[in-house]
Every structure is written in structure tokens, then in C-alpha cells.
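Protein chains in written order, with the working numbering: chain A, 8 to 515; chain B, 193 to 337. Heads up, the beta-carbon is just placed ideally off N, CA and C, and yes, glycines get one too.
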Amino acid sequence: MVLELQKPRPIWQIMFSTHHTDVGLLYLITSLSFLFMGGALALGIRAELFLPGSQIIADSMTFNRMFTVHGTTLIFLFILPFASAVGNYLVPIMVRYKDMAYPKLNAIAFWMIPPAGALIWLGFADFTWYATPPYSIISAPGPAADMWIFGLKILGISSVLGAINFIVTILKCKHPDMSMGQVPLLAWSFLTSSLIILVAIPTFAAALLMLLTDRLGVSGFFNPAMGGDPIAYQHLFWFTFHPEVYVLVIPAIGMMYEIIPRFSRKPIFSHSSGIFAFVLLSLVSFSSWAHHMYATGMSFTEKTVFMIGTLAAVPASAMHVFNFIATMWNGRIKFATPMMWAVGGIALFFSAGAGGVVNAAMPLDFQTHDSYWVVGHFHLFVMGTIAFGSIGFFYYIFPYVTGRMYNERMGQIHFILSFIGTVLVFFTQHVLGLYGMPRRVYDYPPIPEWITMNQIASVGAMIIGVSMVLFLINMIYSSGKGKLADTDDPFNLGGKYYYPFEAKNPHH
Amino acid sequence: MGHHSNWPEWVYVGVVIALMVWVGSEAWNAERLVEHIPADAEVIKVTGQQWFWSFEHEDGTKEIGELHVKVGKAYKFEITSKDVNHSFNIHDYVVLLDAIPGRVNTVWFAPMEVGEHDIQCREYCGLIHYNMRGKLIVEEAEPSS
Chain A
8 MVLELQKPRP IWQIMFSTHH TDVGLLYLIT SLSFLFMGGA LALGIRAELF
58 LPGSQIIADS MTFNRMFTVH GTTLIFLFIL PFASAVGNYL VPIMVRYKDM
108 AYPKLNAIAF WMIPPAGALI WLGFADFTWY ATPPYSIISA PGPAADMWIF
158 GLKILGISSV LGAINFIVTI LKCKHPDMSM GQVPLLAWSF LTSSLIILVA
208 IPTFAAALLM LLTDRLGVSG FFNPAMGGDP IAYQHLFWFT FHPEVYVLVI
258 PAIGMMYEII PRFSRKPIFS HSSGIFAFVL LSLVSFSSWA HHMYATGMSF
308 TEKTVFMIGT LAAVPASAMH VFNFIATMWN GRIKFATPMM WAVGGIALFF
358 SAGAGGVVNA AMPLDFQTHD SYWVVGHFHL FVMGTIAFGS IGFFYYIFPY
408 VTGRMYNERM GQIHFILSFI GTVLVFFTQH VLGLYGMPRR VYDYPPIPEW
458 ITMNQIASVG AMIIGVSMVL FLINMIYSSG KGKLADTDDP FNLGGKYYYP
508 FEAKNPHH
Chain B
193 MGHHSNWPEW VYVGVVIALM VWVGSEAWNA ERLVEHIPAD AEVIKVTGQQ
243 WFWSFEHEDG TKEIGELHVK VGKAYKFEIT SKDVNHSFNI HDYVVLLDAI
293 PGRVNTVWFA PMEVGEHDIQ CREYCGLIHY NMRGKLIVEE AEPSS
């Protein structure tokens, strides 16, 4: 399976192509570019927080804009497009179809992302990634805020189009000889996460429009001065974005399901329990949205309901972890770079989940809510689990995409530095939250514990930064000058596994 | 697939579910106790606005940025906001509740020791959010009255 890139082609041929691997390549390059842009903002934020007082950022407004765009970029412009890249490359091959079901729609969904990214970056809004009213209505400066709203609107449409395409490709275009039970777990992860998108996104799409008309002053849905209710926005927002967490994490788990059995040289412990856990996760993802809102003054009953809904997600997540470990058990594991990232990602997934149980338990949430604990907690998911799974998978498909091998030693150093950095930043931030430091602050009082922990976190972030520079060098150098890969078995695992690697969809 | 026994997975899932039931019920019970506001709690009205806290005691005394309370007494905060969302937080006493315009949220606490504690805003509210801070000063109760 040579996915693409072996023969150099003019760039416009790739840009105007609707072939699934070309669109996949565009998604891949776009998402990785945004990974570096969003990551650079994170380094700026961590440098600023190294000490109390102003360090490298002149004023709080710039700082607020930076963390807003950092979050928006990495969630919507790195994680989601990266998953689409992987899905574009592999889903048609896995279901043995010649392309995505709607190739033109596929290209349109991709080409909505660059203008949306431009709106978000040129606007540089300051109202955090969840744009909560009344701040986002009466205080957030335009046109940045309005550009952000339009950017997110476009990204939402792009997500829905992509989701429709994946669902139809998997359900309607799969080879008739193949039962749903035989569809690989990576494709199942795209099926379930796409279904979540279809159900979840319209709610936020509506909220965005209401937010826009509120900002224009023609409506007052969320503006208390006009009789509106700001809490309604939070419900609409989290009804979309708690399930969205699963939209982000499920494909990353699917990617680990590709890597782990192959590098353990064993079949997956239980294919059916993987499918079951995906379906279960996508259902319970809708039962927990308001656990983000305990502190808005919810009644005891509401909090109880959403605590139960949240805890219900734990067994399904735990089933995936069990499946991974049982697959590795007694395997002949080869710790090449992709496997290291996947195993590291599983360890951090477990830690993130354990922290999540603490947040869900009502009285403890009032310790952690809106503190640095929460920052550490969700970064263990988005960085520790999702980015780790994604980067590992990128190393894994690199030889298939480029026909060349990356530098294995640099890949392993990249992993080790990133893992150490991630632990330093985000475990420390958990403790920092227990000491009471609020999130989204430009400056903090010189409390000795806060200073020490912020410094540890900042050093960790710089270590991640260094590792990412190595990553970039490795990718650029190896894609042009790396040694040619044996595309039948680039990792020397000895054997072909589960789906035909030689499959290749010719251009049409 | 299908040729091996799956019982370890079901045992494991059972253990996880049991753990979650335990965590959930403990949390439910603790929250139920924490939320029970004593009948004699004195009301303090808390108002957040960009970017400071103001307080009004039951006797009409008003304070800005600083809140004086007596040790050993129960207080009920009635929290609201004049502009955007804030979150009223005394971390040392795990007092945390959003200040939302158009709503009044209530939470209570009873300081047990004389001392000073930080009050801060824990919900992003704009330019000076990072410095929307105050002081809680817990004083000796008056001997009589």
C-alpha cells in the first residue's frame, strides 16, 4: 500500500484533486502546520507564566488572545483535520472502495478549513475557546470576535460534510463480502465519531448564530440586559462540545487499535468489545455535558444526574485500555517509534481518565473547577492521548505516504522528550490547581508554591518545544532524503496484518 | 476473535463499575451534606463586576475588595454579577460559585480560624481577570451580644 507522494507531482495537481489520498495529504499538511502554530502560542504562554509579573507579553489582552487562539487552533485546526487526514487515507481502503463516497464533497470539506483558519488567526479573538456570553456579547472586541464566530461556523459545516462522507462510505460503499463486524476498528472509530458529529454540531451551530445576532444587538438570547439567559448558551455549547471530546478521542483510540496489534505481532484481543466500547462511548457522550457547569448554580438533582452520566463513560473507556493491554500481553512487542507513542498515549489516557473521575465527583469539582487542575486534566487528553496517538500514527503512515523512512532514533528521542515534557507540564498543573491557581490568568501573585510549579510547567513546555523542532526536522529531511522504505513491511515486523497493504486506489 | 475466553474483561469491567458506583455514592452523600445551609446563616450579598468584588452585610455595611467575617459563624453568600460572568472563589474554604448577571447563586461557609485568605475570580472576565482579587479577613468573635 503506497498511499501517495512517491512520484513527485506538481502541487496544483494535488490541490485540485478529489482523490482520497490527495485530500488526505492536504489535511495532513494543514493540520501539522496548525500544530506548530498553536504550539508556538503555548510556548509563549508558558514563557509568560514562568515568573509573576510581565515577562515577554506586554499586556493581558494579547495574552488572552493567545490562549484563545491556541485552544481554538489545536482543537479545530489540528486534531480534527488530522483525524480527517487519517480517515481519508485509510477508510476507503479498509472498506475496499475506490474513494470516499462523495469525492467532491470531500475536497469542499477540506477547502473550508484554510479560510476558517485565516479568519481565526487574522481576527485573534480574546474570549476563550468557549466564547461565553455575556462577555462575548457585550465586552469582547470586534471584529476579532465576529471573525472567530464565522470561522467556527465554517469549520462546523466542514465537520458535518466530512462526517456525512465517512458514514456513507463505511455503511454504503463497503465491499459486500465484508460484514460490519469485519470492518477494522479504525474505520469503526470514524463511523461512531461521525455519528456523534451529526447529532452534536447543529446545537452549537444554532448557538453561534444566536451569539452573532446578540452581538449585533438585534436579539437578546443570551444577554441578561435584554431578558436573555447566559446559562442557555453554556448548555448549547457543552451539548455540542462534550460529545466533541469523544469526537476527538475516538479516532485517536482507533489509531492505537491499528498500531498496537501490529507492533505486538498479535491480533486484537477482542475486536467485538472494541466495537461495543466505541458504540457505548458515543451514546454516553451525550449524557454528561453539564458536568462543565456544576458551578453555575445547578440544583443538587441536576448535578447528580450529570455526575452519573459522566461516570458512565468510564467503563467504556476502561474497556479500550483493557483491550490494548490484553493485546500486548504475551506479544512480541517491537518498540519502534509509533508503538512508543501509542503506549505512552495509553498511559496518559489512563491518568487523564482518573483525573476526570475526580472532576465528576460533585464536591471535588468545586476544588478543581476553572483552576489549573482542569487545564492539566484536559491537556492530558488532547495532548497526552489524542496528540500522542496522532503523532504515533503519523510516524506509522509516514513510509506509506512518502515511500521513505523517517529517522528512527530521532523519532524515539522525540517521543521520550515529549513524554517527559507532557508529564512535567500537565501533572504539575494538576497540583497547581489544587493550590488554587485559576486558569486563563496573565499574571499571578508571588505565592512560592505557584511560582515553583509554574516554573516546572514552563520547563516541561520548552522540552516539548525542543522535541517538536526535532520532529519537524526529521519529517522535512526524511520525506525528501530518507532511505527508501520497503512498503510491504517498513517496520520489519515480518508479516502482513488484517487488511491488504497492497491495496491502492488509482487516480481517476 | 471469538476463540478465546473473555471473562477477564468482564471481571475488570465489573470492578470498574463497582468503583464508579462507590465514587458516585460517596460524592452524592458528601455534596448533600455540604449543600445543607444552616438556618442561622447570616446573608452576605456578593456582587462581581469588571474587575472587583463588593459585599453587603445583613446590617447594610458595604465593603469593596475586602470582606470581614467573624470566626465560628455561618455565612450564606448570595452571589450575582453586574456585567459579565465571574466566579466567586475562596479557595482555602472551597467556596466556588459563578456570579452571573440576572441570577443569584447561593453557597455557604463557616470560618473556623482567625486569619486572612485570598478571594479571587475563577471565570474568565476580560482584561484584568487575572487581578480581580480580594481578601477575606476572619476576625475574633465579639465576647458578648
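Which chain A residues sit within Cβ distance under 7 Å of residue i?
i	result
B/LEU259	What B/LEU259 touches in chain A: nothing, since even the nearest Cβ is about 17 Å away.
B/GLU315	ASP377
B/PRO170	Look at the range of chain B in this structure, 193 to 337, and you will see that residue 170 of chain B is not part of it.
B/HIS283	GLY443
B/GLN241	None at all; the shortest Cβ gap to chain A is about 11 Å.
B/GLY294	PRO231
B/TYR267	Near B/TYR267 there are no residues of chain A at all, since even the closest Cβ is about 16 Å away, more than 7 Å.
B/ILE209	PRO322
B/VAL286	PHE373, GLN374
B/VAL238	Near B/VAL238 there are no residues of chain A at all, since even the closest Cβ is about 13 Å away, more than 7 Å.
Thinking residue i and residue j are a contact (beta carbons under 8 Å), I'd like their distance in whole angstroms, please.
i	j	result
A/GLY362	A/HIS384	4 Å
A/MET369	A/MET335	Incorrect: roughly 36 Å between the Cβ atoms, too far for contact.
A/TYR264	A/LEU192	4 Å
B/VAL235	B/TRP245	Contact flag wrong, Cβ pair sits at about 16 Å.
A/HIS249	A/SER306	With 8 Å as the limit, A/HIS249 and A/SER306 do not qualify as a contact, their Cβ atoms being about 19 Å apart.
A/VAL196	A/LEU87	Reading the sequence as shown, one finds Ser at residue 196 of chain A and not Val. That pair is no contact at about 14 Å.
A/THR311	B/TRP220	6 Å
A/MET412	A/PRO274	26 Å between Cβ atoms; not a contact.
A/ILE471	A/VAL256	Not confirmed; about 20 Å, so no contact.
A/THR247	A/ALA302	No, A/THR247 and A/ALA302 are not in contact; Cβ-Cβ is about 20 Å, not under 8 Å.
A/PRO141	A/PRO231	6 Å
A/ALA108	A/ALA132	Not confirmed; about 35 Å, so no contact.
A/LEU318	B/GLY216	5 Å
A/LEU35	A/ALA92	4 Å
Which chain A residues are close to residue i, counting only those with a beta carbon under 8 Å from its beta carbon?
i	result
B/GLU227	PHE307
Could you tell me which chain A residues have their CB closer than 9 Å to the CB of residue i, listed as they occur along the chain?
i	result
B/MET304	Within 9 Å Cβ-Cβ: nothing; B/MET304 doesn't reach chain A, min ~18 Å.
B/GLY326	By Cβ distance, chain A contributes nothing, its closest Cβ being about 12 Å from B/GLY326, past 9 Å.
B/GLY318	SER67, MET68, ASN71, ASP133, PHE134, TYR142, SER146, ALA147
B/GLU201	PHE276, SER277, SER280, MET326, PHE329, ASN330, ALA333
If you count every other CB in all the chains shown that lies within 10 Å of the CB of residue i, and 16 or more means buried, which is it?
i	result
A/PRO237	buried
A/PHE308	Strictly speaking, residue 308 of chain A in this sequence is Thr, with Phe absent from that position. Exposed.
A/GLU509	With a pLDDT of 48 at A/GLU509, under the threshold of 50, the predicted position of this residue should be treated as unreliable, though the coordinate-derived value follows. A/GLU509 is exposed by the Cβ-count criterion.
A/LYS490	exposed
B/LEU225	exposed
A/TYR506	At A/TYR506 the pLDDT is 47, less than 50, meaning the model places this residue with poor confidence; the figure from the coordinates comes in the next sentence. Burial call: buried.
A/PRO99	buried
A/MET390	buried
A/LEU1	Summary: the structure shown does not reach residue 1 of chain A, with chain A confined to residues 8 through 515, and so no result is reported for it.
A/VAL291	buried
A/GLU55	buried
A/ASN499	exposed
B/GLU305	exposed
A/LEU162	buried
A/PHE329	buried
A/ASN337	exposed
B/ALA302	exposed
Within the present structure, is the beta-carbon of residue i separated from the nearest heavy atom of the ligand COA by less than 7 Å?
i	result
A/THR210	By its list of ligands, the structure shown contains no ligand whatsoever, and the ligand COA lies outside what it can speak to.
Chain B partners of residue i, CB-CB under 8 Å?
i	result
A/ILE315	GLY216
A/ILE340	Neighbours of A/ILE340 on chain B: none; closest Cβ ~19 Å, over 8 Å.
A/MET369	ALA219, TRP220, ALA222, GLU223
A/TYR1	Missing from the structure shown is residue 1 of chain A; chain A here goes from 8 to 515 and no further.
A/PRO237	ASN277, ILE292, PRO293, GLY294
A/VAL350	Ordered by position in chain B, no residue passes the 8 Å Cβ test against A/VAL350, which lies about 19 Å from the chain.
Are any of the Cβ atoms in chain E nearer than 8 Å to that of residue i?
i	result
A/ILE82	No chain E appears in the structure shown, which is made up of the protein chains A and B.
Name, please, each residue of chain B whose Cβ falls closer than 7 Å to the Cβ of residue i.
i	result
A/GLY163	Going along chain B, no residue has its Cβ under 7 Å from A/GLY163, so there is no contact; the nearest lies around 22 Å.
A/ARG272	Residues of chain B passing the Cβ test: none, with the nearest at roughly 16 Å.
A/PRO268	Those within 7 Å of A/PRO268 in chain B number zero; the least Cβ separation is about 11 Å.
Would you say the stretch 153-173 of chain A touches the stretch 227-244 of chain A, given that touching needs at least three Cβ pairs under 8 Å? no
Which whole runs of the alpha helix (DSSP H) in the stretch 275-323 of chain A are 4 residues long or more, in chain order? Whole alpha helix (DSSP H) segments, 4+ residues: 278-291, 307-318.
For the structure I just gave you, are there three or more beta carbon pairs, one from the stretch 421-435 of chain A and one from the stretch 67-85 of chain A, closer than 8 Å? no
Inter-stretch contact at 8 Å, needing at least 3 Cβ pairs: the stretch 398-405 of chain A / the stretch 341-357 of chain A: yes
Could you pull out every unbroken beta strand (DSSP E) segment of at least 3 residues lying fully inside the stretch 325-368 of chain A, listed in chain order? none
I want to know whether the stretch 302-317 of chain B touches the stretch 177-188 of chain A - three or more CB-CB distances under 8 Å. no
So, does the stretch 14-22 of chain A touch the stretch 99-113 of chain A, judging by three or more C-beta pairs under 8 Å? no
Going along the chain, which unbroken runs of the alpha helix (DSSP H) with 4 or more residues stay wholly within the stretch 71-156 of chain A? 87-101, 110-118, 120-130
Contained alpha helix (DSSP H) runs [length at least 4] in the stretch 196-234 of chain B, N- to C-terminal order: Entirely contained in the stretch 196-234 of chain B, the alpha helix (DSSP H) runs reaching 4 residues are, in chain order, 199-226.
Starting from the N-terminal side, write out each stretch of the beta strand (DSSP E) that is 3 residues or longer and does not extend beyond the stretch 239-272 of chain A. none
For the stretch 423-431 of chain A and the stretch 116-128 of chain A, state whether three or more C-beta atom pairs, one from each stretch, are separated by less than 8 Å. no
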